[in-house]
Structures are given as C-alpha cells and as structure tokens.
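Under the numbering used here, the first residue of the sequence shown is numbered 1, with each subsequent residue one higher.
A virtual CB, placed ideally from N, CA and C, is assigned to each residue, including glycine.
The next block holds one structure in the form of structure tokens; read it before the comments.
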Amino acid sequence: MSALYEIQEDILSCIDLKTGEIIDVERLHGLQMERRKKIRNIACWIKNLLADARAYEEEEKTFAARKTAAKNKADSLKQYLSDCLHGEKIQDREFSVGWRKSHQVQIDEGAAIPEAYLIPMPDKVDKQGLKDALKQGCIFPGIYLREKENIQIK
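Here you go:
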C-alpha cells in the first residue's frame, strides 16, 4: 500500500511494522526532532494506517462476496448433478461421485419443541438504547454515562 504522507524513518524504526506496536517508547520519546514535526509525522502515519484499514475492509467485502458466489455456484452445480445422476456412482481420473446417507431433522411449522432441546441465547445489551435513556434522565442502578476524550485525526 503506498503512503499518503511521508513518515520519517526515525519514527518508523520505533514501531513493529507487522503488529503496529510501539517497540521502543523511550526511543520514540527521545527522538531529537521538533515536537510539532514529531506530532505531524505520527498523525500522518495514523491517517495512512486508517486509510489502509479501510482499503482492507473493502477487499474483505469483495472477497466475502466472491466466496459466497463461488459456494452458491458449487451448491447449485451439486444439486444439478444430483438431479441428473439419481444416485448413480461415477469414477474418473479427476473425480469420483459417490453417495452417502444422512439424517436431517425437519421441524414442521408450529411444532412444539421440548424444553430440553432449546438452546438458551444470552441476552444482548442495547447500549445505544441505554445511552439514549440515560441522556433523557432515566436512572438505572450500576449504569451510568462516562465522559471520554477520544482523539480525532482528520
């Protein structure tokens, strides 16, 4: 990935480029460069990394869509072969088509499922809903809004 900004080599050498961890904090603090220049370099590097992360995210989406499409095509072709072969076995140098029996549970609409066979799902907390309620003045024991300072780099 090409960099949007030039980052000084001194700063890059303080970071493990594979993990992103600062490997030498003391050295980073001790770099002899103007404070504003150091901040600029680090802020620009953060912008580069976030741009890389967005690009990777887009690639993940593209690959996930291609993966899903390939699996769907394979499933569709399996069904087509199944319909054509009707249980017939085929052997070839590159492949073999065989059959095995399996059992699948079918549940009719409205069927009463015994309690012992239900898997409990953990409750999920609606943090956004709680946040909105707290902002409107609702009080819940042990739940409160905590103000944070989040760095923004634009």
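What is the residue span of the alpha helix (DSSP H) that residue i lies within?
{"i": "G129", "result": "K127 to K135"}
{"i": "I11", "result": "E9 to L12"}
{"i": "D75", "result": "R35 to L85"}
What do you reckon, are the CB atoms on residue i and residue j nearer than 8 Å?
{"i": "I119", "j": "I113", "result": "no"}
{"i": "N41", "j": "I15", "result": "no"}
{"i": "L145", "j": "K127", "result": "no"}
{"i": "G110", "j": "W99", "result": "no"}
At a cut-off of 7 Å, is residue i close to the ligand FAD when judged by its beta-carbon and the heavy atoms of the ligand?
{"i": "E115", "result": "For the ligand FAD, the structure offers nothing, since it holds no ligand at all."}
May I ask you to report which of helix, strand or coil DSSP gives residue i?
{"i": "I15", "result": "strand"}
{"i": "R146", "result": "coil"}
Within 8 Å (strictly less), CB to CB, does residue i reach chain D?
{"i": "L12", "result": "Protein chain content of the structure displayed is limited to a single chain, and chain D is not contained in it."}
Discussion item. Under 8 Å: do the stretch 73-81 and the stretch 38-52 share three or more Cβ pairs, one atom per stretch?
Written reply: no
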